[in-house]
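Count the sequence shown with the working numbering and you get residues 431 to 565, in order.
Below is one structure, written out as structure tokens; the observations come after it.
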Amino acid sequence: MAHVEEIYITDRGGAPMQRVETVDAVAQEGLEGDRYKKRTGYWTGVDECQVTLIEGEALDEIRAANKVHVDNGQHRRNIITRGVDLGGLTGKRFKIGAALFEFDRPRPPCRYIQSVSERGMTRALGGRRGGICAR
């Protein structure tokens with residue numbers, strides 16, 4: 431059964447991601463307390479995502495194949511899911527709890543992520559493993 435495994439937010443670009451048990455989603459803005467809702471993210475105004483999601487299964491693959499740490503929010507995505515093909519949500523709306531989201535686009539990793547995590551993170555999150563943006 432599809433479910434959310436973990437939720438991460440941070441109040442500004444480059445700051446460590448913080449795991450939270452719950453978070454409020456604000457329509458057309460993002461997650462309460464997160465950098466992109468607060469307009470303090472690294473990509474604010476350029477290539478921002480209101481909410482990012484990544485599959486727990488993709489993180490499992492990365493752990494098994496790479497020596498890159500993807501725990502504790504080092505992947506820089508907001509929501510870790512399990513049991514759902516995020517790429518299959520293209521063009522669709524979906525609910526997480528009471529919040530209604532809409533698939534925005536795939537979220538490939540950028541080189542910036544390595545400056546706030548570790549070398550090799552961009553490659554590790556490449557392909558379909560980078561997750562998606564939602565609004």
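Glycine included, C-beta positions come from ideal geometry on N, C-alpha and C.
Check residue i in the structure and name its three-state DSSP category.
i, result
"Leu530", "strand"
"Ala457", "coil"
"Leu489", "helix"
"Arg535", "strand"
"Arg559", "helix"
If I follow the unbroken beta strand (DSSP E) through residue i, where does it start and stop?
i, result
"Ala564", "562 to 564"
"Arg448", "For the record, residue 448 in the displayed sequence is Gln; it is not Arg. From DSSP, the beta strand (DSSP E) with Gln448 extends over 448 to 450."
"Thr511", "509 to 512"
"Tyr466", "Where Tyr466 is concerned, there is no enclosing beta strand (DSSP E), given that its DSSP letter is neither H nor E."
"His433", "433 to 439"
Please tell me whether residue i and residue j are closer than 9 Å, where the distance is taken between their beta carbons.
i, j, result
"Gly521", "Ile562", "no"
"Ile484", "Gly560", "yes"
"Gly550", "Val434", "no"
"Ser547", "Arg493", "no"
"Asn508", "Val481", "yes"
"Ala554", "Val498", "yes"
"Glu462", "Gly503", "no"
Please check the pair residue i and residue j, which I expect to be a contact at CB under 8 Å, by giving their CB distance rounded to whole angstroms.
i, j, result
"Glu459", "Lys467", "5 Å"
Need the endpoints of the alpha helix (DSSP H) that residue i sits in, please.
i, result
"Val546", "542 to 546"
"Arg553", "551 to 554"
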